[in-house]
Structure formats: structure tokens, C-alpha cells
Amino acid sequence: MCFDCMKQAFPNRGETCLDSGSYLMNFQGCSECQKKEQMKVQERKVETDEDDVETIVYQHVCGNCGHFIAEHKYTFYVDGDYQEYEMYCRLCGRSATSISIMPMDPKMQSVQF
Ligand SMILES: [Zn+2]
Ligand SMILES: [Zn+2]
Ligand SMILES: [Zn+2]
2 MCFDCMKQAF
12 PNRGETCLDS
22 GSYLMNFQGC
32 SECQKKEQMK
42 VQERKVETDE
52 DDVETIVYQH
62 VCGNCGHFIA
72 EHKYTFYVDG
82 DYQEYEMYCR
92 LCGRSATSIS
102 IMPMDPKMQS
112 VQF
């Protein structure tokens, strides 16, 4: 893994959790071949463990020379009434968010036209 291809290592992304793609804003360009346009994702794996924690892992690599830029990790699990998301990637940054899984407001659902 390498520090030279990105502007900032592990930027704080607040609540933005990505399970695919790349944070191009933070990509400086490949330190090996200087190309900036061809970053790609490879070896994407989705795993679910016995506690129903879903983990998605993939690699950011240079599409031109194959230079390994960063490993991306995204986790998802349900904790009570909340869905918890976390992202951890040197390129895309760190973030965490939780979203309520409670049903929508019943008043909203009963509106009929
Ligand atoms: Zn690099
Ligand atoms: Zn390259
Ligand atoms: Zn990433």
C-alpha cells in the first residue's frame, strides 16, 4: 500500500459510506506511471459472518500499470433498530453512519390519491 497516490490518507468523510467505486477527489494520480484517469477496482469480495455482519472488501489499483493504491473495507450490520454502516479506506476515507429501520410514519403511508 502506498501514500503517494492520494492527497490525504484516510480523510474524514462524515456519513458517506461507499460499498463500491472510488473517491476520485482524493486521488492524486498514480505514483508509478503518473496516470490519473484509469484507476479501477478489483477483487471485490462480499462476506457475511455468523453474526450477520456483511463485509465488502476490494482493492483500488491503477488500471494502466496495476499499481496497488489502497484496500477498501465496508461493513454493514443491524444493531437493534438501526442499520450501521462503516467505511475504512486510505483513499476513500473513514466514515460511519446509522439509519433507523423503523417503518415509515403510518400517516405518510396512508395517503391515497
Ligand atoms: Zn501509489
Ligand atoms: Zn499506474
Ligand atoms: Zn476506497
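When you read off a place in the sequence shown, starting at 1, and then add 1, the result is the number in the working numbering.
Ideal placement from N, C-alpha and C gives every residue a C-beta, glycine not left out.
Counting the other CB atoms within 10 Å of its CB gives THR17 a total below 16, which places it among the exposed residues.
Its chain contains SER99 as the residues whose beta carbon lies nearer than 8 Å to that of ASP80, once the 5 sequence neighbours on both sides are disregarded; these appear in chain order. Residues lining ligand 2 by the Cβ criterion, that is a Cβ closer than 6 Å to any of its heavy atoms, are CYS31, GLU33, CYS34, LYS36, CYS63, ASN65, CYS66 and HIS68 in chain order.
With a 10 Å radius around the Cβ and a threshold of 16 neighbouring Cβ atoms, ILE102 comes out exposed.
Proximity of the stretch 19-36 to the stretch 59-73 meets the contact definition, three or more beta-carbon pairs being nearer than 8 Å.
Partner residues in the beta bridge of GLY94, as assigned by DSSP, are CYS90.
The shortest C-alpha to C-alpha distance from GLU85 to any of ASP53, GLN29, VAL47 and LYS41 is the one to ASP53. Note that the C-beta distance between ARG91 and PHE11 is below 9 Å. Residue burial is scored here from C-beta neighbours: THR76 has at least 16 other C-beta atoms within 10 angstroms and is therefore classed as buried.
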